[in-house]
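S.K.: Structure in structure tokens, see below.
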Amino acid sequence: MAATMEHHLVVGNQYFVVYFGKTRVSFSKVSNLQRAVEHEALTEGGLNDFVHVLTRPGSQSGTLTLEKGVLAETDAAKVLRALAPGRRIQVPVTITLYHWNEKQTWTAVRSWGLEDGVVTRWELTELDGLGSSVALEKLEISHSGLTELEV
2 MAATMEHHLV VGNQYFVVYF GKTRVSFSKV SNLQRAVEHE ALTEGGLNDF
52 VHVLTRPGSQ SGTLTLEKGV LAETDAAKVL RALAPGRRIQ VPVTITLYHW
102 NEKQTWTAVR SWGLEDGVVT RWELTELDGL GSSVALEKLE ISHSGLTELE
152 V
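Going by my numbering, the sequence shown opens with residue 2, and the numbers climb by one from there.
So this is what it looks like as structure tokens:
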């Protein structure tokens, strides 16, 4: 019987796309991509060597941070201009991580989605007449939770 060897694949973090509904918006960085549950430790009276961990209903929202270079007039630029602080995002937001496979094609590896997002902050990097940096804008979106999607 031949031994089979499982191929372990480590995926880089630099190949990803973000969609607002059906509009693809390229970002240079996505951060705070996390899922968590609030919990509480409960010890029983008289039996102090064992702790029960109970989950609680969520009382805090998650915050997703997206950064990108400032764009000239494109569909993506129109989407970003519409996302002013306080504005509720009416379309699903999807983030998909890709891997360049041995067949020389891009393959979706993992994907996450959020709904019920609200833009809580928009920020533009410092403008410097003597500098040569790219102008970046940062967008923070509060949401009720991330879900992992099928790829």
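Even for Gly, the Cβ is constructed at its ideal location relative to N, Cα and C.
With three or more beta-carbon pairs closer than 8 angstroms as the criterion, would you say the region 122-137 touches the region 98-109?
M.R.: Contact fails: fewer than three Cβ-Cβ distances are below 8 angstroms.
S.K.: On the DSSP letters alone, give me the boundaries of the alpha helix (DSSP H) that K79 sits inside.
M.R.: Element bounds for K79: D76 to A83.
S.K.: Figure out for me which residue from R122, L131, L67 and A73 has the closest Cα to the Cα of F21.
M.R.: Residue L67 is the option with its Cα nearest to F21.
S.K.: Is DSSP giving Y99 helix, strand or coil here?
M.R.: Y99: strand per DSSP, three-state reduction.
S.K.: At which residues does the beta strand (DSSP E) containing R25 begin and terminate?
M.R.: Run containing R25: T24 to V26, per the beta strand (DSSP E) assignment.
S.K.: Does DSSP put Y153 in a helix, a strand or coil?
M.R.: Coverage of the chain is limited to positions 2 through 152, which leaves residue 153 absent and any answer about it impossible.
S.K.: To the nearest angstrom, how far is it from the Cα of S32 to the Cα of L43?
M.R.: Approximately 33 angstroms between the Cα atoms of the pair.
S.K.: Output needed for H40: all residues of its chain with C-beta closer than 7 angstroms, excluding positions within five of it in sequence on either side, in chain order.
M.R.: Counting only Cβ-Cβ distances below 7 angstroms, and skipping sequence neighbours, we find V54, L55, T56 and R57.
S.K.: Three or more beta-carbon pairs under 8 angstroms between the region 110-126 and the region 80-94, yes or no?
M.R.: Result yes; three or more Cβ-Cβ pairs closer than 8 angstroms.
S.K.: Ordered along the chain, which non-local residues of its own chain (more than five positions away) have a Cβ less than 6 angstroms from that of V19?
M.R.: If we look at V19 and ignore the five residues flanking it on each side, its Cβ neighbours are V26, F28 and I96.
S.K.: What separation, rounded to the nearest whole angstrom, lies between the Cα atoms of W101 and Q15?
M.R.: About 11 angstroms.
S.K.: So E149 is in the beta strand (DSSP E); what residue range does that whole segment cover?
M.R.: It spans L147 to L150 - the beta strand (DSSP E) in which E149 sits, taken as one unbroken run.
S.K.: Please report the straight-line C-alpha distance between V38 and T148, rounded to a whole angstrom.
M.R.: Cα to Cα, V38 sits roughly 13 angstroms from T148.
S.K.: Using the Cα positions of V71 and D129, report the straight-line distance between them to the nearest angstrom.
M.R.: Cα to Cα, V71 sits roughly 14 angstroms from D129.
S.K.: Is N49 helix, strand or coil by DSSP?
M.R.: DSSP places N49 in strand when its eight states are reduced to three.
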